[in-house]
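Undergrad:
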Amino acid sequence: MNKEVIIETKGLDLTFETNDGPVHALKDINLTIGKGEFVSFIGPSGCGKTTLLRVMADLEQPTGGTCMVNSVSPHEARMARAYGYVFQAAGLYPWRTIGGNIKLPLEIMGYSKAEQIERVSKVLELVELDGFEKKFPWQLSGGMQQRASIARALAFDADILLMDEPFGALDEIVRDHLNEQLLALWERTHKTIGFVTHSIPEAVYLSTKIVVMSPRPGRIADIIESTLPKERPLEIRDTPEFIAIAHRVREGLLEGHSNG
Amino acid sequence: MRSFAPVLTVVGAIFVIWYGAAVALNSAWAYDKAKRADVSLSFTEMVADTMVQKKPLLPAPHQVAVEIYKTTVQKKITSKRSLIWHGWITLSATLLGFAMGTGLGILLAVGIVYSRAMDMSVMPWVITSQTIPILAVAPMIIVVLNAVGVSGLLPKAIISMYLSFFPVVVGMVKGLRAPDAMQMDQMRTWNTSKAETFWKLRLPSSMPYLFPSLKIAMAASLVGAIVGELPTGAVAGLGARLLAGSYYGQTIQIWSALISAAILAAILVALIGVLQNITLRRMGMLR
Chain F
50 MNKEVIIETK GLDLTFETND GPVHALKDIN LTIGKGEFVS FIGPSGCGKT TLLRVMADLE
110 QPTGGTCMVN SVSPHEARMA RAYGYVFQAA GLYPWRTIGG NIKLPLEIMG YSKAEQIERV
170 SKVLELVELD GFEKKFPWQL SGGMQQRASI ARALAFDADI LLMDEPFGAL DEIVRDHLNE
230 QLLALWERTH KTIGFVTHSI PEAVYLSTKI VVMSPRPGRI ADIIESTLPK ERPLEIRDTP
290 EFIAIAHRVR EGLLEGHSNG
Chain R
512 MRSFAPVLTV VGAIFVIWYG AAVALNSAWA YDKAKRADVS LSFTEMVADT MVQKKPLLPA
572 PHQVAVEIYK TTVQKKITSK RSLIWHGWIT LSATLLGFAM GTGLGILLAV GIVYSRAMDM
632 SVMPWVITSQ TIPILAVAPM IIVVLNAVGV SGLLPKAIIS MYLSFFPVVV GMVKGLRAPD
692 AMQMDQMRTW NTSKAETFWK LRLPSSMPYL FPSLKIAMAA SLVGAIVGEL PTGAVAGLGA
752 RLLAGSYYGQ TIQIWSALIS AAILAAILVA LIGVLQNITL RRMGMLR
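Note that the protein sequences, when read in sequence, are chains F and R.
Just so you know, the working numbering puts 194 at position 145 of the first sequence, and the rest follows in order with no gaps.
Just so you know, the working numbering puts 617 at position 106 of the second sequence, and the rest follows in order with no gaps.
1. Measuring only between beta-carbons, confirm whether residue 718 of chain R sits less than 9 Å from chain F.
2. Going along the chain, which residues of its own chain have a beta-carbon closer than 6 Å to the beta-carbon of residue 763 of chain R, five neighbours each way excluded?
3. Closer than 9 Å, CB to CB, is residue 278 of chain F near chain R or not?
4. Who are the Cβ neighbours of residue 107 of chain F in its own chain at under 6 Å, not counting the five residues just before and after it?
5. Examine chain F for any beta-carbon lying closer than 9 Å to the beta-carbon of residue 795 of chain R, and answer yes or no.
6. Taking residue 262 of chain F and residue 96 of chain F to be in contact with their CB atoms under 8 Å, please state how far apart those CB atoms are, rounded to whole angstroms.
7. At a CB-CB cut-off below 9 Å, which residues of chain F make contact with residue 702 of chain R?
8. In the DSSP assignment, find the beta strand (DSSP E) that holds residue 62 of chain F and state where it starts and stops.
9. Examine chain F for any beta-carbon lying closer than 9 Å to the beta-carbon of residue 723 of chain R, and answer yes or no.
10. What in chain R is Cβ-close to residue 264 of chain F, meaning under 9 Å?
11. Taking residue 824 of chain R as the query, report the chain F residues whose CB atoms sit under 7 Å from its CB, ordered along the chain.
12. Can you check whether the C-beta of residue 694 of chain R is within less than 9 Å of a C-beta belonging to chain F?
13. Measuring CB to CB, does residue 607 of chain R end up less than 9 Å from residue 662 of chain R?
14. Does the region 580-587 of chain R come close enough to the region 696-709 of chain R to have 3 or more Cβ pairs within less than 8 Å?
15. Take residue 796 of chain R as the anchor and find which of F:170, F:112, F:186, F:159 has the nearest alpha-carbon.
16. Tell me which same chain residues have a C-beta within less than 6 Å of the C-beta of residue 181 of chain F, skipping the five on either side of it?
17. On the CB-based measure, 16 or more other CB atoms within 10 Å of its CB, does residue 697 of chain R come out buried or exposed?
18. Let me know the secondary structure DSSP gives residue 780 of chain R once reduced to three states.
19. Please identify the residue among F:62, F:292, F:89 whose C-alpha is closest to the C-alpha of residue 111 of chain F.
20. Taking only beta-carbon atoms, is residue 309 of chain F less than 9 Å away from chain R?
21. Return the CA-CA distance between residue 552 of chain R and residue 541 of chain R, expressed in angstroms with no decimal places.
22. Beta-carbon of residue 578 of chain R versus every beta-carbon of chain F: anything under 9 Å?
23. Under a Cβ-count criterion, where at least 16 other Cβ atoms within 10 Å of its own Cβ denotes burial, should residue 778 of chain R be classed as buried or exposed?
24. According to DSSP, is residue 133 of chain F helix, strand or coil?
25. Tell me whether residue 616 of chain R is buried or exposed, calling it buried when 16 or more other Cβ atoms sit within 10 Å of its Cβ.
26. Give the DSSP bridge partners of residue 243 of chain F, in chain order.
27. Please confirm whether residue 154 of chain F has its beta-carbon closer than 9 Å to some beta-carbon of chain R.
28. For residue 673 of chain R and residue 735 of chain R, what's the separation of their Cα atoms in angstroms?
Below, the structure is given as structure tokens:
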């Protein structure tokens, strides 16, 4: 694939200094993410998948190697508001309506009032929450809240969407539905997505590229380019092709574990 | 109105205890009078006497109620014998002191949250300030300010401020620190300035913490204003009524000033409660 490179890490290392001595969270991470890719990071807890995403978002500072986002440092990318970040919890402000929550980054970034209103209704429609603009977060279910938080990350012009286990706290039925929606949304918006998960089916279903990670020290065990077509109904999960990829992911996870 | 029955029960119990105590405490004086007049008292006569004494050890509730009625409704509010006049003097100092204390408290809290140096240096002094008995400090504040020509409302308000800033500092420090790491990270991802993080995240997060602090501060402020009126020589205010009453053994006057102060405090705290409900409801934090 000859695509424009959006995120690139070379020999990335990160060691946390803790009271119990240094913790090697990331070791020699080499990864390229092209424009419009959907990249999942999967691995057991402590494998550094969230840390890696946070380095890309300039929320953690690497101790070695380089990371480039949009050909600049993560810090410059953050200053330029190059990405939207979706956390594990929706993190909506209880004192703002859904519309008000989505407006929040727009207010901070200085969009005009008219533009704010227009963008809010656009992204609400994108996540199928039209009509909920005036509701408060507590009036929405967990899945709807998480959709609102995705809408918030989509509201401003960032080509990159970084998601840290956004559906981790939701039940499987809601999760399936949101996964379908997320694919449709990715199709429509052409964003580059980095997605942290610990669910193998989720990773295989969503991704064009799956990064399998293993712990102690956190490192890449395998990078799998998905051969699944772009059009993915939920039933695709029963096809041999899907099962083969899922199997390879599982192998990678096991291997990483026995080595560690 | 389910909540009425328990409230009335408690109020009723208080009245029963109050009347019982009044009979018990005032009976000695009733018997003493009877002995000097060389008459013997039956129980009912004794009880009747304990309810109508001029300077009882403990005035009965209805005596206090009558006194309050006489000194509020039946007096012109410009009269120096009007409890409303005295109450207003105390209230104005309370409100000014409360406003100053709230302002100071919020400013200190912002400083403490944003500056590590202030966190380390100011907080211990804030706590120390509250360990000093206000009764010892109040006369000094009054005398010192009087020496530089400041008297009347302001010295009392300063004492109120001294008592009321503390709960506001403690509550607001907690409230401004209420946003969790994720919410702060979220702000970082949007490259949000410190000022905007304050106005859009920290300050709204602190509101549920601010109001309980304000209630305590308001009550403390009233105590401060009353304490501030004591060393001035009992010129005006509810504190002055308390002091004058104790000079002349006017127990009914003391108790009526006391009950008035309590009613005033209850009204002020209830007003903050209303404000709290309106604010939190408009912020969508009350369901």
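Just so you know, even glycine gets a beta-carbon here, dropped at the ideal spot from N, CA and C.
TA: Well, looking at it:
1. Taking Cβ atoms only, chain F reaches closer than 9 Å to residue 718 of chain R, which makes this a yes.
2. For residue 763 of chain R, where only same-chain residues beyond five positions count, the Cβ hits under 6 Å are 570, 574, 578.
3. Closer than 9 Å: no.
4. Closer than 6 Å at Cβ, skipping near neighbours: 123, 124, 127.
5. Nearest CB-CB separation between residue 795 of chain R and chain F: below the 9 Å threshold.
6. About 4 Å separates the beta carbons of residue 262 of chain F and residue 96 of chain F, which is inside the 8 Å limit, making them a contact pair.
7. Within chain F, the residues near residue 702 of chain R are 127, 128, 129, 130, 157, 158.
8. Note, residue 62 of chain F: beta strand (DSSP E), 54-67.
9. Taking Cβ atoms only, chain F never reaches closer than 9 Å to residue 723 of chain R, which makes this a no.
10. Going along chain R, no residue has its Cβ under 9 Å from residue 264 of chain F, so there is no contact; the nearest lies around 22 Å.
11. The displayed coordinates of chain R run from 512 to 798. Any statement about residue 824 of chain R would go beyond what the structure contains.
12. Judged by the 9 Å Cβ criterion, residue 694 of chain R is in contact with chain F.
13. In this structure, residue 662 of chain R does not lie closer than 9 Å to residue 607 of chain R by Cβ.
14. The region 580-587 of chain R, when compared against the region 696-709 of chain R, does not touch it at the 8 Å Cβ threshold.
15. With distances taken between CA atoms, residue 796 of chain R lies nearest to F:186 out of F:170, F:112, F:186, F:159.
16. So the list reads 147, once near-sequence residues are dropped.
17. That one is buried.
18. Reduced to three states, the DSSP call for residue 780 of chain R is helix.
19. Closest by alpha carbon: F:62.
20. Low per-residue confidence applies at residue 309 of chain F: pLDDT is 45, beneath 50, and the placement is therefore not dependable enough to give any value.
21. About 8 Å.
22. Interface with chain F (9 Å Cβ-Cβ cutoff): residue 578 of chain R is excluded.
23. Residue 778 of chain R should be labelled exposed.
24. Correct three-state label for residue 133 of chain F: strand.
25. Buried.
26. Within the DSSP secondary-structure output, residue 243 of chain F pairs in a beta bridge with F:88, F:211.
27. With 9 Å as the cut-off, residue 154 of chain F counts as an interface residue toward chain R.
28. Computed Cα separation, rounded: 8 Å.
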